[in-house]
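J.: Attaching a single structure in C-alpha cells format; questions to follow.
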Amino acid sequence: MIILIIEDDKGLVELIKEKVEECGYETFNVNSAGEALEWLCGHTPYIMLLDYSLPDMNAKELIAELQRKEQPLPSFIVSTGQGDERIAVDMMRLGARDYIIKDSLFLDMLPEVIKRVAREIENENGRKQAEEEREKLIVELREALSQVKTLSGLLPICASCKKIKNDKGHWEQMEIYISDRSEADFSHGICPECTAKLYPDYYKKIKRNE
1 MIILIIEDDK GLVELIKEKV EECGYETFNV NSAGEALEWL CGHTPYIMLL DYSLPDMNAK
61 ELIAELQRKE QPLPSFIVST GQGDERIAVD MMRLGARDYI IKDSLFLDML PEVIKRVARE
121 IENENGRKQA EEEREKLIVE LREALSQVKT LSGLLPICAS CKKIKNDKGH WEQMEIYISD
181 RSEADFSHGI CPECTAKLYP DYYKKIKRNE
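Mapping of the sequence shown onto the numbering used here: position 126 corresponds to residue 126, and the numbering continues sequentially without gaps.
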C-alpha cells in the first residue's frame, strides 16, 4: 500500500518517508499540487499526507479540484507549519482524517496518526464488506422467494375421489394439481386403514407378525 507525500520541503520529505516506511508502507512523493493531481489521475494511494501550503495552491484548493474533476478522494491527513483552528475545521469538514502541526513533535506523532487512520479505514472497509454481503444475501433471498409457488384461496375438491377442479373446469388428480402449482413432489404409499380395506388378508398377516 502506497502513502502519497505531498510536501514542497525536500529535506522534510526524506524524514517523513523514513517514518512512513518504518510503519511498513511504500511511499511516493510530489512537491506541488499540480504534480499530485497528475499522479492521482492514474493512482489511488492508501493515505495521502498533504501539506496545507503548497507552491501552486493550498490543500483546500487541491481537494476542491479533485472533487471538481470527480476523481476518487483518498483518505488524507493535513499537515501545516502554522496552527490555525479555522483551517483545521475547514479541512476536517472536507474529509481530512487528521490535522497535524509541524512542530518539534511532528515526526514522532506521525507514525501513531498513520496507524490510527489505517485502523479507521480497515474498520470502515470491514463494515462496507459486511453491508455488501448483507445486500447480496437479500437479493438472493428475494430471487429465491420469487420462484416459490404457493397455493391460496378455496380449492374445489371432490368429496369422494379427492380430485381438484382446475382453472379450466377440469378435474385433476390432487397430486398433479399440487405439483403443477408448487414445488412439492409426491411419494406414494398405502395407509393402514386403506391396506385393511383393500388387502384384508395381507393386513391380517402383517398384524399377526407384529
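Glycine included, C-beta positions come from ideal geometry on N, C-alpha and C. All of these numbers come straight from a predicted model, not from anything done at the bench.
Please report how far the alpha carbon of Phe28 lies from the alpha carbon of Trp39, in whole angstroms.
T.: The residue you call residue 28 lines up with position 28 of the sequence shown. The residue you call residue 39 lines up with position 39 of the sequence shown. Answer to the nearest angstrom: the Cα atoms are 10 Å apart.
J.: Under the three-state reduction of DSSP, which class applies to Leu73: helix, strand or coil?
T.: To locate residue 73, count along the sequence shown from 1; it is residue 73. In this structure, Leu73 counts as coil in the three-state DSSP scheme.
J.: When you compare only the Cα positions, how much space is there between Ala130 and Leu137?
T.: If you number the sequence shown from 1, residue 130 lands on position 130. If you number the sequence shown from 1, residue 137 lands on position 137. For Ala130 and Leu137, the distance between alpha carbons rounds to 11 Å.
J.: Between Glu175, Pro192 and Ile190, which lies nearest to Ala184 when the distance is taken from Cα to Cα?
T.: By one-based count along the sequence shown, residue 184 stands at place 184. Taking only the C-alpha atoms, the option nearest Ala184 is Glu175.
J.: Looking only at its own chain, which residues have a Cβ that is under 7 Å from the Cβ of Glu172, when we skip the five neighbours before and after it?
T.: Position 172 of the sequence shown, counted from the first residue, corresponds to residue 172. If we look at Glu172 and ignore the five residues flanking it on each side, its Cβ neighbours are Lys163, Ile164 and Asn166.
J.: Excluding the 5 residues preceding and the 5 following Leu4 in the sequence, name in chain order all residues of the same chain whose CB lies nearer than 6 Å to its CB.
T.: Numbered from its first residue, the sequence shown carries residue 4 at position 4. So the qualifying residues of the chain are Phe28, Pro45 and Met48.
J.: Within the same chain, show all residues whose beta-carbon is closer than 6 Å to that of Ile217, passing over the 5 residues directly before and after it, in chain order.
T.: No answer is possible for residue 217: the residues shown for the chain start at 1 and end at 210.
J.: My parser needs the alpha helix (DSSP H) runs of 4 or more residues fully inside the region 84 to 165; what are they?
T.: You should have 85 to 93 and 106 to 146.
J.: For Lys17, count the other beta carbons within 10 Å of its own beta carbon; 16 or more makes it buried, fewer makes it exposed. Which is it?
T.: Taking the first residue of the sequence shown as 1, we reach residue 17 at position 17. It counts as buried.
J.: Alpha carbons only, please: which of Ser53, Lys19, Leu66 and Val89 is nearest the one belonging to Asn31?
T.: Numbered from its first residue, the sequence shown carries residue 31 at position 31. If we check each option's Cα against that of Asn31, Ser53 comes out closest.
J.: Taking the alpha helix (DSSP H) that Glu26 belongs to, which residues open and close that run?
T.: Taking the first residue of the sequence shown as position 1, residue 26 is located at position 26. Premise fails: Glu26 lies in the beta strand (DSSP E), Glu26 to Val30, not in any alpha helix (DSSP H).
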